[in-house]
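Just so you know, we're using numbering that gives the first Met the number 0 here: the sequence shown kicks off at 0 and counts up by one. In this text, a Cβ means the ideal position worked out from N, Cα and C, and glycines have one as well. I have placed the structure first, in the form of structure tokens, so that the comments after it can refer back to it.
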Amino acid sequence: MTEFAVRAADLRVLNSLTKYPSIPTYHELDPRNGGLLPTVTSFSGSVIATEKVDGTNSRLVLLPDGTYLIGSREELLYAQGDLIGNPALGIVEQLKPVASRLIDQHDGTLRVYYLELYGGKVGGAAKQYTRDASTFGWRLFDVLELADWPTALTWPPSRIATWRESGGQPFADESTLLKLADAAELELTPRLFTLPAADLPTTIEATLDLLRATLPTTRVSLDPALEGTSEGMVFRTETRTTIAKARFQDYERTLKRRR
0 MTEFAVRAAD LRVLNSLTKY PSIPTYHELD PRNGGLLPTV TSFSGSVIAT
50 EKVDGTNSRL VLLPDGTYLI GSREELLYAQ GDLIGNPALG IVEQLKPVAS
100 RLIDQHDGTL RVYYLELYGG KVGGAAKQYT RDASTFGWRL FDVLELADWP
150 TALTWPPSRI ATWRESGGQP FADESTLLKL ADAAELELTP RLFTLPAADL
200 PTTIEATLDL LRATLPTTRV SLDPALEGTS EGMVFRTETR TTIAKARFQD
250 YERTLKRRR
């Protein structure tokens, strides 16, 4: 195996390789006004619906040299052993103990755990999950395992960006994700239901009805007495080859404009 050393690696390349890609909306977004169009994302086979937690996208990057990095969606914030870390949104403070625990049992694979950090003071939706600004939660929603990292680290930035945004990253399928979550002792985003693709709603009205019927309140509240609202759902195939998001605000805003 090619030797990996984080202190010698190009962190800009590593950052780009492990960034989480943009997820399309289930109904296509109208570029003119941000509303939804009738066109839906095409799914096949079984579709799993999960709750979309409204926090900040975070990543734990476990490296082949037995060290780890912690990042937000856009940038790397901390490398194991650093004296100073970027304090943005409390990501490093909250997830450093998790990363330290996981690296102790790491098997040398370049593996990235993607978690939604929420609650605390993370964005305007924090109050939907907790009344206590010192209380945070996190849920795992995807895992990436990059076996061919020696080759990928040599790619130019434009190739990496295209590969990432066109679905090239090898994310774990649902069965593998469940096993990895269990081994890491990390809670997944709530699994809501599984449907044949043909049974998914196709109209904007029916999709909003499904959201309201399934998620009248969030299922990840950090305060037992708080029934906050949910951001919406994520639809994904069991193989994780197709994925799309459906947010309450997009559907409600679109129907309000129509009226």
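- When secondary structure is reduced to three states using DSSP, N85 falls in the coil class, being assigned neither helix nor strand.
- Of the candidates T228, Y117, L254, A196, the residue whose Cα lies closest to the Cα of S57 is Y117.
- Looking from the CA of N14, the closest CA among E2, L62, T38, S45 belongs to L62.
- The bridge partners DSSP lists for N56 are E115.
- Taking a contact as a CB-CB distance under 8 angstroms, the pair L68 and I90 does not count as one, their CB atoms being some 12 angstroms apart.
- Out of L177, L28, A180, the CA that lies nearest to the CA of P37 is found in L28.
- Take the alpha-carbon of P156 and the one of R100: they are about 32 angstroms apart.
- The continuous beta strand (DSSP E) containing W137 extends over residues 135-144.
- A contact between stretches requires three or more CB pairs, one per stretch, nearer than 8 angstroms, and the stretch 137-147 meets this requirement with the stretch 107-126.
- With distances taken between CA atoms, L143 lies nearest to K18 out of S41, V52, K18, A196.
- The beta carbon of A180 sits closer than 7 angstroms to those of L139, L187, all from its chain and outside the five residues before and after it, given in chain order.
- When DSSP reads this structure, L61 sits in a beta bridge with Y67, R110.
- The beta carbons of R235 and I242 sit about 4 angstroms from each other, so the pair counts as a contact at 8 angstroms.
- Per DSSP, I47 is one residue of the beta strand (DSSP E) stretching across 45-51.
- Excluding its 5 nearest sequence neighbours in each direction, F170 has C-beta neighbours in its own chain below 6 angstroms: D141, L143, R239, listed in chain order.
- A Cβ-Cβ contact shorter than 8 angstroms links L59 with V97.
- Counted as a single uninterrupted DSSP element, the beta strand (DSSP E) harbouring P37 occupies residues 35-39.
- Going by DSSP, A245 is part of the beta strand (DSSP E) stretching over 242-246.
- Secondary structure of Y25 (DSSP, three-state): coil.
- With respect to the 8 angstroms criterion, T134 and L221 are classified as neighbours on the basis of their beta carbons.
- Non-local C-beta neighbours of D64 in its own chain, meaning closer than 7 angstroms and more than five positions away in sequence, comprise F3, A4, V5, ordered along the chain.
- Collapsing the DSSP output to three states places R235 in a strand.
- Between the alpha carbons of A182 and V111 lies a distance of about 14 angstroms.
- Close CB contacts of L254 within its chain, under the 8 angstroms cut and outside five residues either way in sequence, are with I203, E204, L207 (chain order).
- P96: member of the alpha helix (DSSP H) spanning 90-102, first to last residue.
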